[in-house]
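Contents: one structure, followed by commentary.
Protein chains: 2
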Amino acid sequence: MKKINIGIIGLGTVGSGVVALLHQNSEMISRRTNCELTIKSILVNDITRKREHINEKYLPLITDKESVLFDDIQILVEVMGTIDKARYYIEKALKKGIHVVTANKDLMAKYGGELLNLAEKYKVSLSFEASVCGGIPIIDMIKTSFQGNRISSILGILNGTTNYILTLMEEKNVPFKSALKQAQKLGYAESNPANDIEGVDAARKIAILASMAFNTKVPIEKVHVEGITKVDIQDILYAKDLGYRIKLLGMAKEKDGFLKVQVNPVFIPLSHPLANINDVYNGVYLEGDFFGPSMVYGLGAGSFPTASSIVGDIIAASKAIDNKTYSWCTCFRDLKIRDVMETHSNFYIRMTVNDKPGVLASISSILGSHDVSIYSVVQKKSHEGHAELVIITHKVQEASMYDSITVLSSLSVINKIESIIRVEDEEQ
Amino acid sequence: MKKINIGIIGLGTVGSGVVALLHQNSEMISRRTNCELTIKSILVNDITRKREHINEKYLPLITDKESVLFDDIQILVEVMGTIDKARYYIEKALKKGIHVVTANKDLMAKYGGELLNLAEKYKVSLSFEASVCGGIPIIDMIKTSFQGNRISSILGILNGTTNYILTLMEEKNVPFKSALKQAQKLGYAESNPANDIEGVDAARKIAILASMAFNTKVPIEKVHVEGITKVDIQDILYAKDLGYRIKLLGMAKEKDGFLKVQVNPVFIPLSHPLANINDVYNGVYLEGDFFGPSMVYGLGAGSFPTASSIVGDIIAASKAIDNKTYSWCTCFRDLKIRDVMETHSNFYIRMTVNDKPGVLASISSILGSHDVSIYSVVQKKSHEGHAELVIITHKVQEASMYDSITVLSSLSVINKIESIIRVEDEEQ
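Chains as they are written, first to last, in the numbering used here: chain Z, 1 to 428; chain E, 1001 to 1428.
See the structure below:
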C-alpha cells in the first residue's frame, strides 16, 4: 500500500473537520484507494487551544517551524485562510514539488491563475474544490465530468448565510435586520456580516467558477455585485404573489463572445430548480451544449462538508503523485466581460405613486420612450391617496432601464421608487 | 500535444452523439486537456444506414473487422448495447491493454465486478459514467469527490420514461395507459416498455450505484423491484392532497450491517428535493457522513447527455494512458442484502369499505394486532354504500404489513384493497 504524508496549515473550523474525517474514515479510505494517508504535521498559532471534533493531544501540532512543516510530506493542505500568508506557504510548497490542496477562495479568486502557472512549472497539482460551495463537488463537475461541453450559463446560490436570511424573511415574514440577527445568533453569519450580505463572498465564488467553465480570467473587480441589504419584505411578498422567489444568485453567461458575470438578488420562477433551495443550502444550476441543464445541491459551508471536499482533493492529489499529473491554468481564452450597463435583463420595479387617473399612462409612456417594454403591471393597496405599483419589464438594456428610472424619479406623481430587482425568466 | 486514437463499437443514438460531440467540440477539448482525440474506426452492422446528427460519409466506418477495430487505438468506446457481444469486445480490448469506456448498464450491473478485475489484471481503466443517469456525473461524484465519506443512503429518480409518465398523470389527470401511449408517441418509451415501467432499468442502475457507494456486490436479482403499472390516478391525487408526490425511486440504504436495495413507487413529501424533479429529468439524492445531504439533477438519457458523460470518461481515460492508472473492483465489503420482507417502511393503503359504523374500528384493531400503527386516516367519497379509506402507517416491518393485509382482505366489510405504496418521510 502506498503511504502519503500530509502537512496541514491551520486548525480552525475547516482544519478540525479534515482531521476528524481522516481519523474517522481512514481505514475505509485506505481500502478504497489503496493508499494510506498520514497527518505528519499541523502548523498552528496556538498549541494549547481547545478544538472542535478532535482531541488535539494526539496531533502532531507545530508552531511556525517551516522546516518541520515541509519535511517529508507529499501533500500540503492549506486551511488557514487569509491571502498573503497562505500564498506564501502555498508557493513555497509548490516550488518544493509538494502537491497542494486549498479551501481558500479569496486567494484563488485573486491569484488562482498565477498559482496554477506555478504548479505547472513545478509539475505538481493544486486543487481547490473546497473553495467554492463547501461540500458540493461543482469544480470537479466542471473540470472533469462536463469538460467535453461548451458551458453557456451558470446560476448559483453560492452563499448559505444570505440564502438562510432570505428564506427566513419569506417563511417567518420578518424584515432583513431581524433575519440577519437570527443568522448571527445561529452562527450562520459573522459579527461583521458584510462579505456575505453585500455579495462579496458569492462574487469570489462565481469568479472562480466562471474562469474554469469559460476558460477565461475573471478579475474579481469586473464582477458586478449587489447584496441583499436592500431587499424588502414587501418585495418578497410580491415575488410570491407573482410566482417567483427572491434568491441571491451568482451568474455567469457567455453570449456573442462576451461574458456577463454578476451577483445580485434575482426573482426566479418557483418552477426553477434553484427556487426550492432554501435555508443554508447552496446549489449550482448550469447548462452545457451536450449535457443540457443540470443542477447540484448541498451544504456550501461548515466544518464537515468542507472537509469532505478537501479529502476528495487529497485523494486525487495522492494519485497525482505517482502519475506525475500536474495542474495548469486553463484560461486560454480572453473573453471580454460586459459592463453591467450594457447587459440586458428583465426587471421588477416597485414604486409608490399618487392614486390618480393617468398616472400609469405617464409612467408607461416614459418607460416606452426608453425602450422599456412592460410585461405585467400590478397596482395594489391604495391608502392616503397613494398606490403601490409593481411593474415587470421585458428584457431591456440596463442603461436604458436606469435612464428611464432617472426620468421617472423626477415625476411629481411618483412618490418613491422603492425597489428594482432583476428577473431571471427564460419564458418571458 | 498528446494524440489518442479511439475505436467505437456501435453508431446508434448514443454513438452518434459521441461522434457529434467529438466533432463539434474537438478544438476546445484539445485546448482544455492538451490532448488530441481522433476517431480511428467505428464498428457498425450496416455502413449504408442514415444516422442522426452526423454525416456518416466522412466517418471511418468498418463492419466486423476486429483486427482493424483494435488496430492502433488506445481507447475503445462500447455503445452497441447487448450483454454478451459487448462483453466479448470489452474483454478483448482490456486484454490488449486498451482502455475501455462503456455506457452499458445491463452489462455493468451483471458483470461489472469481473470486468473491473480484468481491467486491474491488464492495468487499464474501465469507465462507465454513462451507464447510470446519462448526463449526470453521479458515478464520478461517488467514486472521486465523495470518496472520503461513508455514504448512508441513495435515493434516485433513475428512469426518465417513468418519471415523465408519473408527471403527465399528475399534471394532466390522465390514467397510466394514456400517459404511457403519450410517452411512446414522443419517443420517451419504447414500443415494448416493460424494462422501464416494470422498474428493471432503474434496478440495474441502483445496483451499480449501490455497489460503488457501499463497496459491496449487489446482485441484480437481490434488488426488490416494483414498477409503476399499478399506480392509479386516484393514488396520485391522494398523494397531492396529503402533501406528497409519487415517484419511482431506486433506493439503497445501509443499516446495522445490512443493505436495503429496492425500486418501487414511493410517496415523497413535496418539500423533498426529489419531489420537484419532473418530466424526463433524473435526480439522485444521497447522504454522507461528512458532506451531508446532496442532490444532483439533469437529463438521464438521450443522445447528447449520454455523449457528454462518455466524452468525460474518454478524457479521463486519455489521462490514464500516460499515468498508467487502472481500474479495479472496489467491492471489498460483503454486506448482506436484507430480504424485503424484513425491511421496515411507512405505507399508504387505499381501500374501499362498506360505509358503516364500526368499520374503521375493526380495521385498526386488525392492523394493531399486527404491530401496524396508524399515522393518519382519511375517509372520502361515500357512494352506493362504499367509502374510500386512506391510511398512512408508521414504520412497520414489511412482513407484518402483508400479514395484516391478508387478514384485512378476508373481512366482509372491506370491498377491495386498492393500493399499497411505500412512504418515504423522515419526519414521521
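Quick reminder that beta carbons are idealized off the backbone N, C-alpha and C, glycines included.
Cutoff 7 Å: residue i Cβ touching any chain Z Cβ
| i | result |
| --- | --- |
| V1296/E | yes |
| G1300/E | no |
| N1149/E | yes |
| I1042/E | no |
| P1137/E | yes |
| G1292/E | yes |
| F1214/E | no |
| T1330/E | yes |
| D1140/E | yes |
| N1195/E | no |
Buried or exposed (CB count within 10 angstroms, at least 16 for buried), residue i
| i | result |
| --- | --- |
| D128/Z | The question names Asp, yet the displayed sequence has Phe at residue 128/Z. Classification of F128/Z: buried, given that the 10 Å Cβ count is 16 or more. |
| H1463/E | Since the first residue of chain E shown is 1001 and the last is 1428, residue 1463/E is not available in this structure. |
| I1099/E | Reading off the sequence shown, one finds His at residue 1099/E, where the question assumed Ile. Buried, by the Cβ-count rule. |
| Y1058/E | exposed |
| H224/Z | buried |
| F1332/E | exposed |
| K40/Z | buried |
| T48/Z | exposed |
| H1370/E | buried |
| T161/Z | buried |
| T38/Z | exposed |
Residue i: contacting residues in chain E (beta-carbon distance under 8 Å)
| i | result |
| --- | --- |
| D334/Z | Ordered by position in chain E, no residue passes the 8 Å Cβ test against D334/Z, which lies about 13 Å from the chain. |
| I29/Z | Q1147 and G1148 |
Within chain Z, partners of residue i - CB distance below 9 Å
| i | result |
| --- | --- |
| N1319/E | Correcting the residue type first, residue 1319/E is Lys in the shown sequence and not Asn. Within 9 Å Cβ-Cβ: N323 and T325. |
| I1315/E | T144, Q147 and G148 |
| N1025/E | G148, N149, R150, D289 and F290 |
Closest Cα partner of residue i within the set the options
| i | options | result |
| --- | --- | --- |
| L1360/E | S1412/E, G1015/E, F1332/E and G1312/E | S1412/E |
| S373/Z | A203/Z, N346/Z, M80/Z and E170/Z | N346/Z |
| I1421/E | Y1297/E, K1230/E, L1389/E and F1291/E | K1230/E |
| A119/Z | G227/Z, K96/Z and P137/Z | K96/Z |
| I1090/E | Q1074/E, L1115/E and D1071/E | L1115/E |
| E66/Z | E171/Z, I8/Z, L21/Z and P265/Z | I8/Z |
| Y348/Z | Y326/Z, P293/Z, K395/Z and L168/Z | K395/Z |
| I1228/E | V1263/E, T1343/E, A1239/E and T1406/E | V1263/E |
| R1032/E | S131/Z, H23/Z, K40/Z and I151/Z | I151/Z |
| G1017/E | Y1375/E, V1390/E, D1084/E and A1301/E | A1301/E |
| L1335/E | G1312/E, K1260/E and K1319/E | K1260/E |
| G288/Z | I1006/E, I1004/E, L1021/E and K1003/E | L1021/E |
| I1208/E | Y1088/E, G1113/E and T1063/E | G1113/E |
| I1075/E | I1314/E, D1339/E and N1415/E | I1314/E |
Closer than 7 Å to chain E by CB, residue i
| i | result |
| --- | --- |
| A307/Z | yes |
| V311/Z | yes |
| N173/Z | no |
| R32/Z | yes |
| M401/Z | no |
| M1/Z | no |
| L21/Z | yes |
| F304/Z | yes |
Interface partners of residue i on chain E, CB under 7 Å
| i | result |
| --- | --- |
| M108/Z | Chain E residues near M108/Z: none, gap ~17 Å exceeds 7 Å. |
Chain-ordered chain Z contacts of residue i [CB-CB under 7 Å]
| i | result |
| --- | --- |
| G1288/E | S308 |
| M1341/E | Within 7 Å Cβ-Cβ: nothing; M1341/E doesn't reach chain Z, min ~30 Å. |
Closer than 8 Å at the beta carbon, the chain Z residues around residue i
| i | result |
| --- | --- |
| N1276/E | P273 and N276 |
Chain-ordered chain E contacts of residue i [CB-CB under 9 Å]
| i | result |
| --- | --- |
| F176/Z | Those do not exist, as F176/Z stays about 24 Å from chain E at its closest Cβ, beyond 9 Å. |
Residue i beta carbon near the ligand PLP (any heavy atom closer than 6 Å)
| i | result |
| --- | --- |
| K185/Z | As far as ligands go, the structure on display features none, and thus does not contain the ligand PLP. |
Inter-stretch contact (C-beta, 8 Å, three-pair minimum) for the region 1118 to 1126 of chain E and the region 1164 to 1183 of chain E: no
At least three beta-carbon pairs within less than 8 Å, the region 402 to 411 of chain Z to the region 1004 to 1016 of chain E: no
Three or more C-beta pairs below 8 Å linking the region 1296 to 1309 of chain E and the region 1104 to 1117 of chain E: no
contact_flag[the region 152 to 162 of chain Z, the region 273 to 284 of chain Z] where n(CB pairs < 8 Å) is 3 or more: yes
At least 3 beta-carbon pairs within less than 8 Å: the region 1240 to 1256 of chain E vs the region 254 to 268 of chain Z: Segments in contact, no.
Stretch-stretch touch, CB-based, cutoff 8 Å, three pairs: the region 1128 to 1146 of chain E with the region 133 to 149 of chain Z: yes
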